[in-house]
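**Student:** Position one of the sequence shown corresponds to residue 169 (the working numbering), numbered consecutively onward.
Below you will find the structure I want to go over with you.
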Amino acid sequence: MRTRARTVLIASIVAPLAIAASGTAAAADPSDITYAYEVVGNTVTNTITSTADETVRCATSLADAPGAELPPLETVLFEQHQLSAAGTAAPGTTVTQTVLDVPPGSYVVLATCMLGEADTTQAWWLSDYPGLAEFAGNLVPWSTYTVQQQSTVVTIKEAAQEPVLPEFGDLTDAFGS
Numbered sequence: 169m170r171t172r173a174r175t176v177l178i179a180s181i182v183a184p185l186a187i188a189a190s191g192t193a194a195a196a197d198p199s200d201i202t203y204a205y206e207v208v209g210n211t212v213t214n215t216i217t218s219t220a221d222e223t224v225r226c227a228t229s230l231a232d233a234p235g236a237e238l239p240p241l242e243t244v245l246f247e248q249h250q251l252s253a254a255g256t257a258a259p260g261t262t263v264t265q266t267v268l269d270v271p272p273g274s275y276v277v278l279a280t281c282m283l284g285e286a287d288t289t290q291a292w293w294l295s296d297y298p299g300l301a302e303f304a305g306n307l308v309p310w311s312t313y314t315v316q317q318q319s320t321v322v323t324i325k326e327a328a329q330e331p332v333l334p335e336f337g338d339l340t341d342a343f344g345s
């Protein structure tokens with residue numbers, strides 16, 4: 169059962185990253201990747217800056233955060249993340265991943281970037297989430313780095329109702345003309 173859970177975990181984390189990338193060897197440094205999250209309306213963005221020697225595959229996903237608090241690590245890892253964005257970042261570039269139309273609620277933002285193909289991964293950058301680096305470090309054979317940007321809880325509020333304007337006839341009645 170534990171082996172199956174690990175397989176499911178790896179698949180759930182790596183699956184959004186299944187985007188083609190260069191597979192040649194390169195050195196990786198913990199500071200090669202940075203993340204910056206932002207919320208505007210019902211859109212969550214993650215700005216990723218890469219100084220890695222090669223193209224990295226990245227994913228940004230949102231997991232439910234009941235009560236606007238970080239859920240337990242196990243809950244986040246084994247939850248299927250329906251709200252996500254994935255793509256690549258070439259060396260020396262900054263890219264933005266955007267999750268659109270996020271329903272009202274509280275979410276934790278999770279981000280990962282990988283250097284190498286799934287079977288030849290060399291490095292993995294994870295947003296800082298309590299216990300994640302230790303868990304991943306014991307699970308995978310490649311280098312894992314915690315990115316300074318923490319997994320942050322964000323709250324998407326319901327859109328404000330548009331004001332209902334009175335009809336012109338109602339204004340005439342109200343002002344006596």
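No residue lacks a Cβ here, since even glycine has one placed at the ideal position from N, Cα and C.
Starting from E302 and walking both ways along the alpha helix (DSSP H), at which residues does that stretch end?
**Tutor:** Element bounds for E302: 300-307.
**Student:** Quick one: give me the first and last residue of the alpha helix (DSSP H) that V277 is part of.
**Tutor:** No alpha helix (DSSP H) contains V277, which is instead part of the beta strand (DSSP E) from 273-283.
**Student:** I'd like the list of long-range same chain contacts for T320, defined as Cβ closer than 6 Å, with 5 residues on each side in sequence excluded.
**Tutor:** Y205, V277.
**Student:** Which partner residues does Y205 have in the DSSP bridge list?
**Tutor:** Paired residue(s): N214.
**Student:** Which residues does DSSP pair with T314 in a beta bridge?
**Tutor:** Per DSSP, L294.
**Student:** Taking only three categories from DSSP, how would you classify T288?
**Tutor:** Helix.
**Student:** If you measure between the beta carbons of S311 and A231, is that distance less than 8 Å?
**Tutor:** No, the Cβ-Cβ distance between S311 and A231 is not below 8 Å.
**Student:** Mind checking V208: buried by the 16 CB within 10 Å criterion, or exposed?
**Tutor:** Classification of V208: exposed, given that the 10 Å Cβ count is below 16.
**Student:** Alpha carbons only, please: which of G273, P234, A304 is nearest the one belonging to S295?
**Tutor:** For the residues G273, P234, A304, the minimum Cα distance to S295 belongs to A304.
**Student:** First and last residue of the alpha helix (DSSP H) that includes L245?
**Tutor:** 241-246 is the span of the alpha helix (DSSP H), which, as asked, contains L245.
**Student:** Shortest alpha-carbon distance to S218 belongs to which of G255, V244, L300, P240?
**Tutor:** Closest by alpha carbon: G255.
**Student:** Using a C-beta cutoff of 8 Å, does L251 count as contacting chain B?
**Tutor:** In the structure shown, chain B does not exist; there is a single protein chain.
**Student:** First and last residue of the beta strand (DSSP E) that includes D232?
**Tutor:** It spans 224-232 - the beta strand (DSSP E) in which D232 sits, taken as one unbroken run.
**Student:** Out of curiosity, what's the CA-to-CA distance linking N210 and P271?
**Tutor:** Computed Cα separation, rounded: 7 Å.
**Student:** Quick one: measure Cβ to Cβ for L307 and V224, integer angstroms, because I've assumed they're closer than 8 Å.
**Tutor:** 19 Å between Cβ atoms; not a contact.
**Student:** With distance defined between alpha-carbon atoms, name the residue in L245, T261, T264, Y275 nearest to A301.
**Tutor:** Comparing Cα-Cα distances from A301 to each of L245, T261, T264, Y275, the minimum goes to L245.
**Student:** Quick one: grab the DSSP three-state call for S319.
**Tutor:** Three-state result, S319: coil.
**Student:** Give the straight-line distance between the Cα atoms of T266 and Y275, rounded to the nearest whole angstrom.
**Tutor:** If I take the Cα positions, the gap works out to 14 Å.
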